[in-house]
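Chain order of the listed sequences is A and B.
Take the first sequence: its position 11, counting from 1, is numbered 11 in our numbering, and each next residue is one higher.
Take any residue in the second sequence, count from 1 to its spot, add 1000: that is its number in our numbering.
Glycine residues also receive a C-beta, built at the ideal position from the N, C-alpha and C atoms.
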Amino acid sequence: MIVEFGAFALVLALALSVAQTGLSAAGAWRRSGVLAGAGRGAALGAFAALACAFAALIYAFVGSDFSVANVAANSHTAKPLLYKVAGAWGSHEGSMLLWCLVLTGYGAAVAVFGERLPPRLRAWAVAVQGALGVLFLAYTVFASNPLTRLADPPVEGRSLNPLLQDWALAVHPPFLYAGYVGFSVVFSFAVAALIEGKVDAAFARWVRPWTLAAWSLLTVGITLGAFWAYYELGWGGWWFWDPVENASFMPWLIGAALLHSAIVLEKRGALPGWTVFLALAAFGFSMLGAFLVRSGVLTSVHAFAVDPTRGVLLLTIMGIAAGFGFLMFAIRAPSLNAGGLFAPVSRESAIVLNNIILSAATATVLLGTLYPLIREAMDGEAVSVGPPFFNLTFTPLLVLALAILPAGPLLAWKRGDARLVVRRLWLALLVAAILGLAAYAVVTPRKALASLGLVLGFWLIGGALAELFERVKAFRVPWAEVRRRVGGLPRGAWGTTIAHAGLGLFVLGASFETAWKVETAQALSVGGGFELGGYVLTLTDVGTLEGPNYLAERGIVRIEKQGGGLVCTAQPERRFFPTGGQTTSEVALCPRGLDDLYVVIGERRAGANGQPAWLVRAYVNPWVRLIFLGPLVMALGGVVSLSDRRLRMGVGRKAKGAEA
Amino acid sequence: MKTFRTLALAIAAIACMAAASDPSERLPDPAQEARARDLFKEVRCLVCQNESIDDSEAALARDLRLLVRDQVKQGRSDAQIRAFLTERYGEFVLLKPPFSAGNAVLWLTPLVVLLAGGGLMVALLRRRRVPEAGPEALSAEEEARLKGLLEGE
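Shown next as structure tokens:
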């Protein structure tokens, strides 16, 4: 009954989205506040209806209602509760429902929180958001309905892929989608502004908070995904330049470019065409990502909910939405004002440079991801584009962007003084260079490129600090004055500093871990052990245990520091899931400050003297925690910056009130 | 077909777990072993979803690792080994597409986009230069209008 109610609510959401589009567009067209208000009401209704549909799906999963096809295919009675709930978005149909939920949620948010927007712009934005909802909801209702019943329900479900039964992956899709789909609001605003024919500083001010929110959430989502890959796939890596990863990375890169270009548009009125183009492209890449991930046109390690036939439909939806957006852009772009002037050495120029490099990086990732398809279509040759390609092309671009980054925030708008920037940054560069040289001298084996990576990481952190010190005039005015300045610093400035420093942390972690991780593997019988990176690992016992929906073999590995002293006891598992006949390895992690000791146990095999043995593989991953901490700090910077916006909008309104 | 695909995915998911450092496969010479490991990262496990033979536990990946190790032991160069693999399995086996006329677009795009963007920026800055110091001098027409306005007061 509740499932039928959910299915009805889903169709209702589609109908309300149609109403939202029609009413809002009519309201904007005829400048009718009543119609626009009705459109906003429909937006709220669509979100409420979809929330009911989604709740019904979760209800079906929690209650293991196998008469629902989606539940039967993706759940099992013995599965722990968290993964039953997460199963609701673990499949193709469920994940598209989540996509629609987030999409209508953002539409409702614009309807509720957009009071300060010009009424017509807001009405157009709600209409465009509604039209996106119609496209994706129609797809969900007619081609990928998660709430359809089975005529002949099975007694037991087929369960969720055990690789996905993990907390990080349970919360990864909601964050990822909140980020991906967050760019839909940015897209809607861009189309609305293009319809109105006005892309100005005010547009940037409205778009920036949504971009910040979407980008920060996407950052968290990607980080969770990378963390999951790190400890669940069991081979020590965290980023594989896999098509699915690239699909999420492209909107992130474009979102980062948009964050910066929107500042220029807001503060200086420059780059309106480019900014609105990025606003359209960000959601374009989100849709491309959904298509690539869900259609299975590219083979991927993360391909879990794939369906080629429906891929064509998703491609069509993407074509319609992006096509309309870019058509509007083509019509309006020539009439857009070119905006403020700036000198070659200025903060505007620095941000333009940032945007050029980020665009080149996105183009690289895009072409690398699609190239196998392109070559196949062109001359039928099957080729692969893997990590070695991206390491050779993407990394230099990144290095270039990072090398110039600290100078950006220190340059003045319009016309900057390069000598002044050098005077403020030389110390940061010197310290970074000394630390990098120290790493080169001390850490074995000696690696020049990785040491340069460290210089870059320290340079970013030092640069962020230098900028902060500059703003509060640290060491130049009395401390009381500095404290007062720290207190008065806008949140946006803190956000910049935090996010840039977070990027530095990531670069440090990535450079250090990639260059200096050590690994070994040996077949061990109980009592056997080996030495790795200053630690001694001993397999003290192997036992079996029974989980809620799996059987496991668990090794007990004592890890001691060389020369005595227990560090920790690692308990890696190898789990067998009888429902799907699958085996997964459960990695044991021993955090040691920023480092991880990473232990995996393999299959039982015959040992040397008739004793059973297990292949134990271990890694020491130095500074690996920074790889995940850095992006989270970046997301925090985004959130801090976001909290500034609201204050500023209030100030803006007050100022306007004073004028009147 | 769909069940087959799901099954294939499931098998791939089980099969593909890191295995390259399995001690039973290692070469005795550490320098050669290191070279082989570097090569593994560039060779695709053909039956896996998207992994190098360094990461995969599939039987085919092991065969390929043995093949590469064997070639390394025979003293063949990296280029020779890549050529050998390409001849046998096609370009698909290399995770890093070779620099060739066919792949020029792929390898040159990052540079082309970067240069095009840079060029565009330079052109833009040249066309719309910020006045060097103070406001520009008034044109004759503006001078006349200003005079008219002042006199009209």
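| query | result |
| --- | --- |
| Roughly how many angstroms lie between the CA atoms of residue 154 of chain A and residue 161 of chain A, to the nearest whole one? | 18 Å |
| Let me know the secondary structure DSSP gives residue 692 of chain A once reduced to three states. | Outside the displayed span of chain A (1 to 660) sits residue 692 of chain A, for which this structure offers no information. |
| Pop quiz: residue 638 of chain A and residue 212 of chain A are said to be a contact at Cβ under 8 Å. What is the actual Cβ separation, rounded to whole angstroms? | 5 Å |
| According to DSSP, what are the bridge partners of residue 513 of chain A? | Paired residue(s): none; residue 513 of chain A is not in a bridge. |
| Which of helix, strand or coil does DSSP assign to residue 620 of chain A? | strand |
| Any chance the segment 109-117 of chain A sits against the segment 163-183 of chain A, with 3 or more Cβ pairs inside 8 Å? | no |
| Could you tell me whether the segment 192-210 of chain A touches the segment 611-628 of chain A, using the rule of 3 or more Cβ pairs below 8 Å? | no |
| Tell me whether residue 1141 of chain B sits in a helix, a strand or coil according to DSSP, three-state version. | helix |
| Name the DSSP bridge partner or partners of residue 535 of chain A? | A:532, A:561 |
| With DSSP as the reference, please indicate the residues paired to residue 522 of chain A in a beta bridge. | A:616 |
| DSSP on residue 593 of chain A, reduced to helix/strand/coil? | coil |
| Tell me residue 585 of chain A's beta-bridge partners as DSSP assigns them. | A:574 |
| Against chain B, with Cβ distances strictly below 8 Å, would residue 295 of chain A count as a contact? | no |
| How about residue 13 of chain A: is its C-beta nearer than 8 Å to some C-beta of chain B? | no |
| My output table needs one value for residue 456 of chain A: the three-state DSSP class, helix, strand or coil. | helix |
| Using a Cβ cut-off of 8 Å, pull out every chain B residue sitting near residue 285 of chain A, in sequence order please. | Chain B residues near residue 285 of chain A: none, gap ~15 Å exceeds 8 Å. |
| Could you confirm whether any beta carbon from chain B is found closer than 8 Å to the beta carbon of residue 384 of chain A? | yes |
| DSSP state of residue 294 of chain A, grouped into three classes? | helix |
| Which class does residue 1022 of chain B belong to by DSSP, given the choice of helix, strand or coil? | coil |
| Using the beta-carbon of each residue, which ones in chain A are nearer than 8 Å to residue 1047 of chain B? | Going along chain A, no residue has its Cβ under 8 Å from residue 1047 of chain B, so there is no contact; the nearest lies around 11 Å. |
| Would residue 658 of chain A count as contacting chain B if we go by Cβ distances under 8 Å? | Because the pLDDT of residue 658 of chain A is 36, which lies under 50, any placement of that residue in the model is unreliable, and the question is left without a value. |
| Could you tell me if residue 245 of chain A is buried or exposed, where buried requires 16 or more neighbouring beta carbons within 10 angstroms of its beta carbon? | buried |
| So is residue 469 of chain A in contact with chain B if we call contact Cβ pairs under 8 Å? | no |
| With C-beta atoms as the reference, is residue 424 of chain A less than 8 Å away from residue 519 of chain A? | no |
| So, does the CB of residue 1033 of chain B fall closer than 8 Å to a CB anywhere in chain A? | no |
| Within the same chain, show all residues whose beta-carbon is closer than 7 Å to that of residue 668 of chain A, passing over the 5 residues directly before and after it, in chain order. | Past the edges of chain A, shown from 1 to 660, lies residue 668 of chain A, and the structure says nothing about it. |
| Residue 351 of chain A: which of A:413, A:292, A:374, A:593 sits nearest, CA to CA? | A:413 |
| Check whether the Cβ of residue 1004 of chain B lies closer than 8 Å to any Cβ atom in chain A. | With a pLDDT of 39 at residue 1004 of chain B, under the threshold of 50, the modelled position of this residue cannot be trusted, and the question is left open. |
| Cβ of residue 506 of chain A within 8 Å of Cβ of residue 627 of chain A? | yes |
| Determine contact between the segment 53-61 of chain A and the segment 78-91 of chain A, defined as no fewer than three beta-carbon pairs at a distance below 8 Å. | yes |
| What residues from the segment 1076-1099 of chain B come within 8 Å of chain A, judged by C-beta to C-beta, listed N to C? | 1090, 1091, 1092, 1093, 1094, 1095, 1096, 1097 |
| I'd like to know whether the C-beta of residue 387 of chain A is nearer than 8 Å to at least one C-beta of chain B. | yes |
| Just verifying my parser: in three-state terms, what is the DSSP assignment at residue 152 of chain A? | coil |
| For chain A, find out if any of its Cβ atoms is closer than 8 Å to the Cβ of residue 1110 of chain B; answer yes or no. | yes |
| So the candidates are A:265, A:325, A:264; which of them puts its Cα closest to the Cα of residue 285 of chain A? | A:325 |
| Where do the ends of the alpha helix (DSSP H) carrying residue 105 of chain A lie? | 92-113 |
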